[in-house]
Amino acid sequence: MSMTALLLVIFVIGYLAITLEHPLKLDKAVPALLMGTLMWALLSIGFNFSWFDIINYQGEVFSLSDGFNEEQAYGFKKNLMHHFSKIGEILFFLIGAMTIVEIIDLHRGFSIIKKVIKPKSKQRLLWILGILAFILSAIIDNLTATIILITLLRKILAKHQYRVWYAAMIIIAANAGGAWSPIGDVTTTMLWIGGKVTALKLSEYLIVPSLICFVVPFLIAGYLKPFRGKAIRKELIADEEAQRILSSKKMLWTGLGAIAFVPIFKAITGLPPYLGMMFSLGVVWLVSEYVKPEKDLPRTQKHVYSTHKALSKIEFSSILFFLGILLAVGVLESVVWGNINGTEVGALRYAAESISQTIPNMDIVVLLLGALSALIDNVPMVAASMGMYTYEVDHPVWHFIAYSAGTGGSLLVIGSAAGVAAMGMEKIDFVWYLKKITWLALVGFLAGAAVFILIEKFFYT
């Protein structure tokens with residue numbers, strides 16, 4: 001057990017380094033990659049020396065305790081190949097989605113959305129930004145929606161002291177909007193690609209709880225002082241059309257349509273979502289090559305709008321962070337930890353069974369996972385739960401995990417990718433968010449959860 005404990009120690013140290021990214025001034029991709037690769041290295045050495053047995057996703061156990069056996073050794077490699085192929089599906093899906101969004105941005109497609117945001121009342125401005133965040137995050141993802149809306153907010157509101165309130169509320173709306181869509185959040189994408197939920201059922205189960213999670217905090221916030229009265233707006237740039245280019249509208253609708261087409265592609269072909277996203281990227285790339293951004297664009301300036309530039313703007317450190325995290329979780333899923341009812345199980349399954357025995361109510365377990373995802377990144381939380389539980393596709397537990405992990409991140413400013421992005425862009429203080437916003441996010445989170453449990457009990461039993 002001592003060598004198995006070493007795997008856990010590497011995981012905990014790696015995890016701490018990820019959460020302490022800012023004090024350490026170290027990109028979280030670094031500890032994630034080191035953690036993931038070191039854990040697989042230790043697992044491989046331990047397996048070859050018969051310190052560990054491993055278990056694959058079908059529950060087959062492989063061991064070299066009786067001496068070297070080619071079939072058993074290949075079982076280890078096959079298990080690694082399985083985990084890497086599952087991780088690859090998520091990463092290529094994300095790369096495709098991020099590239100399409102960057103192509104839209106290069107063609108200034110999002111400037112069209114800015115035209116919608118014109119009210120002078122602070123309360124109306126709050127609702128317009130919230131509704132846009134909720135809808136956009138379901139189509140393009142919560143992180144991207146947050147970045148776009150805060151960029152627009154900075155062009156509209158003059159005073160930083162008011163902007164931080166709007167930015168914080170955008171986080172709540174974007175996380176709620178991302179939770180009910182298979183492409184709205186990394187965690188829902190993981191559950192969808194991992195075959196735990198279907199796109200249609202996820203949306204059907206979660207759209208009402210997510211809407212409640214967004215609407216309740218916004219109704220309360222409307223009565224708070226920062227959202228009353230008239231907005232002190234920046235003068236909008238006189239010639240708004242000058243900011244747009246000929247291809248803005250075409251690329252906005254092509255890009256959003258292509259991303260929204262991915263679940264339809266999966267429904268028609270039965271192929272995994274990452275292939276649909278690659279097809280959509282191909283279509284958007286093709287259109288971007290032939291669309292005219294400006295009337296007489298010189299050949300030397302064509303690179304400004306090229307997809308190669310969009311690819312260079314993708315944050316690949318985030319992709320590598322997910323790779324490291326998911327590799328580490330794959331080890332915890334693979335290493336045999338103990339027996340449950342006489343059957344050998346991996347570390348995550350063992351942990352799940354232990355938690356379920358301590359807290360018999362699964363709804364409370366999932367709510368706690370959601371609250372924890374505000375402290376611990378929700379990507380590994382969901383990745384771990386996917387290895388911990390063996391419920392069938394579209395079981396209510398998977399939908400509740402999607403809701404809790406997606407919206408629970410709003411409880412702290414560092415609890416979600418959207419929150420971290422807003423924190424960086426608007427210099428939102430951690431303690432300020434904790435005092436002023438956390439209670440609003442918590443009310444919404446619990447209200448949505450209560451609605452989910454009611455719907456599950458009365459409509460889906």
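Oh and the sequence shown: position 11 is 11 in the working numbering, straight run, nothing missing. Even glycine gets a Cβ: it sits at the ideal position worked out from N, Cα and C.
Item: Pick helix, strand or coil for residue 48, following the three-state DSSP scheme.; Value: helix
Item: What would DSSP say about residue 197, mapped onto helix, strand or coil?; Value: coil
Item: Tell me whether the beta-carbon of residue 183 lies closer than 9 Å to the beta-carbon of residue 262.; Value: yes
Item: Would a C-beta distance cut-off of 9 Å place residue 413 and residue 422 closer than the cut-off?; Value: yes
Item: By Cβ distance below 7 Å, which residues in the same chain neighbour residue 143 in space, the five residues on each side in sequence not counted?; Value: 417, 418, 421
Item: Roughly how many angstroms lie between the CA atoms of residue 242 and residue 110, to the nearest whole one?; Value: In this prediction, residue 242 scores a pLDDT of 47, lower than 50, which makes its location untrustworthy; the coordinate-derived value is nonetheless stated afterwards. If you take the alpha carbons of residue 242 and residue 110, they lie about 14 Å apart.
Item: Given this structure, state the Cα-to-Cα distance separating residue 49 from residue 73, to the nearest angstrom.; Value: 12 Å
Item: Whole angstroms are fine: how far does the CA of residue 97 sit from the CA of residue 313?; Value: 13 Å
Item: Please state the DSSP three-state secondary structure of residue 241.; Value: Low per-residue confidence applies at residue 241: pLDDT is 45, beneath 50, and the placement is therefore not dependable, though the value from the model is reported in the following sentence. Here residue 241 sits in helix by DSSP.
Item: Within 10 angstroms of the Cβ of residue 107, are there 16 or more other Cβ atoms? Answer buried if so, exposed if not.; Value: buried
Item: Could you tell me whether the Cβ atoms of residue 224 and residue 402 are closer together than 9 Å?; Value: no
Item: So, under 8 Å CB-CB, residue 214 and residue 177 are touching, yes? Tell me the CB distance rounded to an integer number of Å.; Value: 7 Å
Item: Is it buried or exposed, residue 255, if we count other Cβ atoms within 10 angstroms and call 16 or more buried?; Value: buried
Item: Does DSSP classify residue 416 as helix, strand or coil?; Value: coil
Item: Hey, quick one: how far does the alpha helix (DSSP H) through residue 437 stretch, first residue to last?; Value: That residue, residue 437, is in no alpha helix (DSSP H); it is neither H nor E in DSSP.
Item: Can you list, in chain order, the residues of its chain whose CB lies under 6 Å from that of residue 12, leaving out five sequence neighbours each side?; Value: none
Item: What are the residues that DSSP puts in a beta bridge with residue 230?; Value: 121
Item: Hey, is the stretch 52 to 59 in contact with the stretch 340 to 349, meaning 3+ C-beta pairs nearer than 8 Å?; Value: yes
Item: Kindly identify the DSSP beta-bridge partner or partners of residue 62.; Value: 54
Item: Can you tell me whether residue 349 is buried or exposed? The criterion is at least 16 other CB atoms within 10 Å of its CB, across all chains shown.; Value: buried
Item: Taking only runs that begin and end inside the stretch 334 to 384, name each unbroken beta strand (DSSP E) of 3 or more residues, in chain order.; Value: 336 to 340, 343 to 346
Item: Leaving out five residues on either side along the sequence, give the residues of the same chain with a beta carbon under 8 Å from the beta carbon of residue 92.; Value: 274, 277, 278
Item: Looking at the secondary structure, which residues open and close the alpha helix (DSSP H) in which residue 93 lies?; Value: 70 to 106
Item: My output table needs one value for residue 211: the three-state DSSP class, helix, strand or coil.; Value: helix
Item: My understanding is that residue 367 touches residue 404, with C-beta atoms under 8 Å, so please give their C-beta distance in whole angstroms.; Value: 6 Å
Item: Counting pairs of Cβ atoms below 8 Å between the stretch 121 to 135 and the stretch 320 to 331, do you hit three or more?; Value: no
Item: So residue 395 is in the alpha helix (DSSP H); what residue range does that whole segment cover?; Value: Premise fails: residue 395 is in no alpha helix (DSSP H) and is neither H nor E.
Item: What is the C-beta distance between residue 379 and residue 322, in whole angstroms, given that I count them as a contact (C-beta under 8 Å)?; Value: 6 Å
Item: Quick check: the Cα distance between residue 334 and residue 54, rounded to an integer number of angstroms?; Value: 5 Å
Item: Between 6, 4, 34, which has its C-alpha nearest residue 17's C-alpha?; Value: 34
Item: DSSP on residue 428, reduced to helix/strand/coil?; Value: coil
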